[in-house]
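For the sequence shown, the numbering used here assigns the number 2 to the initial residue and increments by one for each residue that follows.
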Amino acid sequence: MTRPLSPPDCARAIGLALLLAGTACTSGLGQLQTARTVPKGEVRHSISGGYDANSIERDGPPWLGNFIVQYAARIGAAEHVDVGVKVFLGLGGLVDAKVQVVDGPRLALSLLGGAGGAFDAESGAGVVHVPAMLLGSYHVARWFSPYVGAGYGAFWIFNYASTQDVPPGSTAAPRAWHGDGLLMLHAGFELGSPGRPAFLLEYGYLRPIVSDPGDHYAFATNHLFLGGIRF
Numbered sequence: 002m003t004r005p006l007s008p009p010d011c012a013r014a015i016g017l018a019l020l021l022a023g024t025a026c027t028s029g030l031g032q033l034q035t036a037r038t039v040p041k042g043e044v045r046h047s048i049s050g051g052y053d054a055n056s057i058e059r060d061g062p063p064w065l066g067n068f069i070v071q072y073a074a075r076i077g078a079a080e081h082v083d084v085g086v087k088v089f090l091g092l093g094g095l096v097d098a099k100v101q102v103v104d105g106p107r108l109a110l111s112l113l114g115g116a117g118g119a120f121d122a123e124s125g126a127g128v129v130h131v132p133a134m135l136l137g138s139y140h141v142a143r144w145f146s147p148y149v150g151a152g153y154g155a156f157w158i159f160n161y162a163s164t165q166d167v168p169p170g171s172t173a174a175p176r177a178w179h180g181d182g183l184l185m186l187h188a189g190f191e192l193g194s195p196g197r198p199a200f201l202l203e204y205g206y207l208r209p210i211v212s213d214p215g216d217h218y219a220f221a222t223n224h225l226f227l228g229g230i231r232f
């Protein structure tokens with residue numbers, strides 16, 4: 002059996018620190034980057050915030066838990082390759098690598114893949130996340146670069162619910178182990194010259210397309226509205 006989650010459920014599963022820190026259960030799922038990699042040996046940081054709009058009904062104030070705060074850093078590892086780290090769900094981290102496969106004077110295309118997770122020691126609940134993404138960006142002008150991203154995010158939820166949550170007479174569905182999957186689409190733009198502080202705006206669309214009923218967790222469709230600074 003499976004059931005949709007409300008933000009209070011999410012807070013219990015991943016930890017009350019998420020709400021106390023002002024982050025939503027989608028923190029760390031924004032991209033806020035173009036397809037171009039960071040030059041070898043250089044480091045870029047980004048701090049962003051925004052709002053997650055979805056159809057989940059909640060017991061408390063409708064806006065509480067929907068605000069997103071996200072920190073990320075990217076390090077140039079080699080020519081056309083960089084490595085990123087960012088806070089994931091407020092309690093964990095996510096590491097990824099981006100490889101730029103097209104480096105035109107204006108057009109750039111990159112492949113991105115990573116892995117991460119979050120764990121709440123108090124409840125024992127945790128999540129493992131593996132994203133894969135194709136990013137594309139275009140230099141309209143030196144200071145203006147729109148970008149898009151499309152990919153798939155796999156999630157494995159552990160210890161969210163126990164058999165005690167199964168109603169009498171019901172049988173819990175077995176775990177399928179393929180995890181839950183989200184279609185992840187992003188579109189945004191960067192205002193600023195390369196190597197200098199820049200401002201980014203992004204819209205993200207996260208839609209569940211695969212579900213594992215055995216983890217007792219059901220994702221909702223999320224619309225992310227994000228803005229941030231890269232420096």
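Ideal placement from N, C-alpha and C gives every residue a C-beta, glycine not left out.
Just so you know, these numbers come straight off a predicted model, no measurement behind them.
Handout entry: Helix, strand or coil at Pro214 according to DSSP, with G and I counted as helix
Key = Residue 214 sits at position 213 when you count from the first residue of the sequence shown. Helix.
Practice task
Could you work out which residue in Thr38, Tyr72, Leu136 and His130 is closest to Leu112 when comparing CA atoms only?
Solution key: The residue you call residue 112 lines up with position 111 of the sequence shown. Of the listed residues, the one whose Cα sits closest to Leu112 is Leu136.
Problem - The beta strand (DSSP E) enclosing Val141, as first and last residue numbers - result: As a first step, residue 141 must be located in the sequence shown, where it is residue number 140. Run containing Val141: none; DSSP gives neither H nor E here.
Practice task
Check Leu6 in the structure and name its three-state DSSP category.
Solution key: Counting from 1 along the sequence shown, the entry for residue 6 is found at position 5. Because the pLDDT at Leu6 is just 39, under 50, the model does not fix this residue reliably, and the value given afterwards should be weighed accordingly. Three-state result, Leu6: coil.
Problem - Leu138, buried or exposed, once every other Cβ within 10 Å from all chains shown has been counted against 16 - result: By one-based count along the sequence shown, residue 138 stands at place 137. Checking the displayed sequence, the identity of residue 138 turns out to be Ser instead of Leu. Buried, by the Cβ-count rule.
Exercise for the section: Go through its chain and collect everything with a Cβ distance to Ala74's Cβ below 8 Å, but skip five positions before and after it. Expected result: Here residue 74 corresponds to residue number 73 of the sequence shown, with the count starting at 1. Excluding sequence neighbours, Ala74 sits near Val44, Arg45, His46, Ser47, Gly85, Val86 and Lys87.
Exercise for the section: May I ask you to report which of helix, strand or coil DSSP gives Gln32? Expected result: Numbered from its first residue, the sequence shown carries residue 32 at position 31. Note: Gln32 maps to coil in three-state DSSP.
Handout entry: Status (buried if at least 16 other CB within 10 Å, exposed otherwise) for Pro238
Key = The structure shown has nothing for residue 238, since the chain only spans 2 to 232.
Problem - Residue span of the beta strand (DSSP E) that contains Gly114, given as start and end - result: The residue labelled residue 114 in the question sits at position 113 within the sequence shown. Taken as a continuous stretch (DSSP letters only), the beta strand (DSSP E) holding Gly114 covers Leu108 to Phe120.
Handout entry: Cα-Cα separation between Arg231 and Gly150, rounded to whole angstroms
Key = Here residue 231 corresponds to residue number 230 of the sequence shown, with the count starting at 1. Here residue 150 corresponds to residue number 149 of the sequence shown, with the count starting at 1. Computed Cα separation, rounded: 18 Å.
Exercise for the section: Would you check if the distance between the CB atom of Ser49 and the CB atom of Leu33 is smaller than 9 Å? Expected result: Position 48 of the sequence shown holds residue 49. Position 32 of the sequence shown holds residue 33. Going by C-beta atoms, Ser49 is nearer than 9 Å to Leu33.
Problem - Identity of the residues DSSP links to Lys41 by a beta bridge - result: As a working mapping, residue 41 is identified with position 40 in the sequence shown. According to DSSP, which records beta bridges pairwise, Lys41 is partnered with nothing at all.
Exercise for the section: Please report how far the alpha carbon of Asn67 lies from the alpha carbon of Ala54, in whole angstroms. Expected result: Counting from 1 along the sequence shown, the entry for residue 67 is found at position 66. Counting from 1 along the sequence shown, the entry for residue 54 is found at position 53. If you take the alpha carbons of Asn67 and Ala54, they lie about 7 Å apart.
Problem - Three-state secondary structure (DSSP) of Asp83 - result: For the purposes of this step, residue 83 is taken as the residue at position 82 of the sequence shown. Of the three classes helix, strand and coil, the one that applies to Asp83 here is strand, per DSSP.
Problem - Member of His224, Leu92, Lys99 and Asp97 whose CA lies at the smallest distance from the CA of Ser124 - result: Translated into the one-based positions of the sequence shown, residue 124 becomes position 123. Across the set His224, Leu92, Lys99 and Asp97, the C-alpha of Leu92 shows the shortest separation from the C-alpha of Ser124.
Handout entry: C-alpha distance - Ala36 paired with Ala219, whole-angstrom precision
Key = Translated into positions along the sequence shown, residue 36 becomes position 35. Translated into positions along the sequence shown, residue 219 becomes position 218. One Cα belongs to Ala36, the other to Ala219, and the distance between them is close to 31 Å.
Practice task
Tell me, to the nearest whole angstrom, how far the beta carbon of Lys41 is from that of Ala78; I am working on the premise that it is less than 8 Å.
Solution key: Position 40 of the sequence shown, counting from 1, holds the residue named residue 41. Position 77 of the sequence shown, counting from 1, holds the residue named residue 78. At roughly 7 Å, the Cβ-Cβ gap stays under 8 Å, so Lys41 and Ala78 are in contact.
Problem - CB of Gly118 within 9 Å of CB of Gln71, strictly - result: Reading the sequence shown from its first residue, position 117 is the one you call residue 118. Reading the sequence shown from its first residue, position 70 is the one you call residue 71. With respect to the 9 Å criterion, Gly118 and Gln71 are not classified as neighbours on the basis of their beta carbons.
Handout entry: Cβ neighbour criterion (16 or more within 10 Å) applied to Leu108
Key = The count along the sequence shown starts at 1 and reaches residue 108 at position 107. So Leu108 counts as exposed.
Handout entry: Glu203, buried or exposed, once every other Cβ within 10 Å from all chains shown has been counted against 16
Key = Indexing the sequence shown from 1 puts residue 203 at position 202. The residue in question, Glu203, is buried, as its Cβ has 16 or more Cβ neighbours within 10 Å.
Exercise for the section: Identify whether Pro132 lies in helix, strand or coil by the three-state DSSP scheme. Expected result: Position 131 of the sequence shown, counted from the start, is the residue given in the question as residue 132. Looking at Pro132 - three-state DSSP - the assignment turns out to be strand.
Handout entry: Same chain, Cβ closer than 7 Å to Gly29, neighbours up to 5 away in sequence not counted
Key = Against the sequence shown, residue 29 aligns to sequence position 28. Counting only Cβ-Cβ distances below 7 Å, and skipping sequence neighbours, we find Gln71, Lys87, Val88, Phe89, Leu90 and Leu95.
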